[in-house]
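Quick notes on the structure that follows.
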Amino acid sequence: MLPVIYSDEFLDHKTGKYHPEKPERLSAIATALKAATFADKIDWRSPTPASEQPSLMSMLVKAHSPAYIKKLWQIASSGGGPLDGDTPVSPRSYDVALLAVSAWLDGVEAVLKSANPAFVLARPPGHHAESDAGMGFCLFSNAAIAALFALEQPGINRVAILDWDVHHGNGTQAIVETQASIAYCSLHQYPCYPGTGRATERGFHNNVLNLPVPPGSDIASYQPLFERQVVPFLANFQADLLIVSAGYDANAADPLASMNLQPKDYALFTDYCLGITRKILFGLEGGYDFGSLSESVVATIEHCLL
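As structure tokens, then:
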């Protein structure tokens, strides 16, 4: 059984009819998973309510400034509004974002308890959210918070984050690059939003590996990067937990980037990760074409169950 942490409350973060990061993303994935051949092997779990998650606020302030947290709460509680030009906040967005963080923390605990993968099917995404600013559809830095939380668990001394979203996770990197006990690796289209993620960015402890990939690239470009750089970097770090910022917007069908991956390619990415460790927390980031997004998540989870 593979835990999938999900709640219909994640649909209550409303971004507007024409915004690409919309609730239907999750609905499409959930529908596809329930129709998959392995549907009986999915353990659907509800996230711990934010008010009942004992570590939630203490972990939140490890990644985000109190001023930013208050600003986000104020925008939501006043009826919503734009956080920036790309990132709308609706009346329930603050609460939903807290629940998403809680889901990622639950995911960490699930993986550490079973020593097997789990998948957090939550929104809003998080890897662009910096300590004092949300951006790029992201409100709280879910993966970074999950990594910081994992380090507080017994026996966890090192955590690695692999970000295969088509966009560089500027927020994740900014929060964790000062932490010698966290490694961050990102493959991303370059040039592309948000303009960060140059190969020369190595972190404060040589703990960051950025692999910019040119537009138009397909699996023939990604596969050698995984085999020659991603896998050795992550394996050499010897992390006690691997967190994957699982964005699926490098698919050829995705409207927001210019890559040419196919859903089945994410099965290969997953196999590379499983070859390093089975202690993997996958958490949804981007992916805006419902069909390729759903197929890619199905491929990821199916290979975790093999």
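Using full-length UniProt numbering, the first residue of the sequence shown is number 1, and each one after it goes up by one.
Glycine included, C-beta positions come from ideal geometry on N, C-alpha and C.
Start and end residues, beta strand (DSSP E) containing residue i
i: residue 185; result: 182-189
i: residue 25; result: Residue 25 -> not in any beta strand (DSSP E); alpha helix (DSSP H) instead, spanning 24-35.
i: residue 246; result: 241-246
i: residue 81; result: 81-84
i: residue 44; result: 42-45
i: residue 163; result: 159-163
i: residue 137; result: Careful: residue 137 lies outside any beta strand (DSSP E) and carries neither H nor E.
i: residue 118; result: 118-120
i: residue 89; result: 87-89
i: residue 10; result: Run containing residue 10: none; DSSP gives neither H nor E here.
i: residue 282; result: 280-284
i: residue 5; result: 2-5
Anticipated Cβ contact below 8 Å, residue i with residue j, distance rounded
i: residue 189; j: residue 250; result: 7 Å
i: residue 144; j: residue 171; result: 7 Å
i: residue 186; j: residue 168; result: 5 Å
i: residue 121; j: residue 5; result: 7 Å
i: residue 313; j: residue 39; result: As displayed, the chain neither begins before 1 nor continues past 306, which places residue 313 out of reach and without an answer.
i: residue 226; j: residue 158; result: Wrong, their Cβ atoms sit about 20 Å apart, outside the cutoff.
Where residue i falls, given that 16 or more other Cβ within 10 Å makes a residue buried
i: residue 287; result: buried
i: residue 33; result: buried
i: residue 259; result: buried
i: residue 74; result: exposed
i: residue 173; result: buried
i: residue 289; result: buried
i: residue 31; result: exposed
i: residue 300; result: buried
i: residue 254; result: buried
i: residue 207; result: buried
i: residue 295; result: buried
i: residue 50; result: buried
i: residue 18; result: exposed
i: residue 25; result: buried
i: residue 78; result: exposed
i: residue 199; result: exposed
i: residue 265; result: buried
i: residue 155; result: exposed
Residue i and residue j closer than 9 Å at C-beta
i: residue 10; j: residue 20; result: no
i: residue 305; j: residue 244; result: no
i: residue 56; j: residue 102; result: yes
i: residue 82; j: residue 88; result: yes
i: residue 279; j: residue 241; result: yes
i: residue 223; j: residue 211; result: no
i: residue 201; j: residue 177; result: yes
i: residue 29; j: residue 209; result: no
i: residue 293; j: residue 117; result: no
i: residue 263; j: residue 248; result: yes
i: residue 98; j: residue 149; result: no
i: residue 14; j: residue 85; result: no
i: residue 166; j: residue 124; result: no
i: residue 204; j: residue 180; result: yes
i: residue 192; j: residue 239; result: no
i: residue 100; j: residue 47; result: yes
i: residue 298; j: residue 246; result: no
Bounding residues of the alpha helix (DSSP H) (the contiguous stretch that carries residue i)
i: residue 300; result: 290-304
i: residue 268; result: 263-274
i: residue 73; result: 66-77
i: residue 172; result: 170-176
i: residue 209; result: That residue, residue 209, is in no alpha helix (DSSP H); its beta strand (DSSP E) goes 208-213.
i: residue 107; result: 93-114
i: residue 237; result: 231-237
i: residue 61; result: 56-63
i: residue 224; result: 219-225
Neighbour flag for residue i against chain D, beta carbons, 9 Å
i: residue 232; result: Checking the listed chains, one finds no chain D in this structure; it contains a single protein chain.
Check your understanding: For the 8 Å Cβ check, are there 3 or more pairs between the stretch 257-274 and the stretch 162-179?
Key -> yes
Exercise for review: Would you check if there are 3 or more beta carbon pairs closer than 8 Å linking the stretch 120-134 to the stretch 204-218?
Suggested key: no
Review point. Using 8 Å as the Cβ pair cut-off and three pairs as the minimum, do the stretch 111-122 and the stretch 58-68 touch?
Key: no
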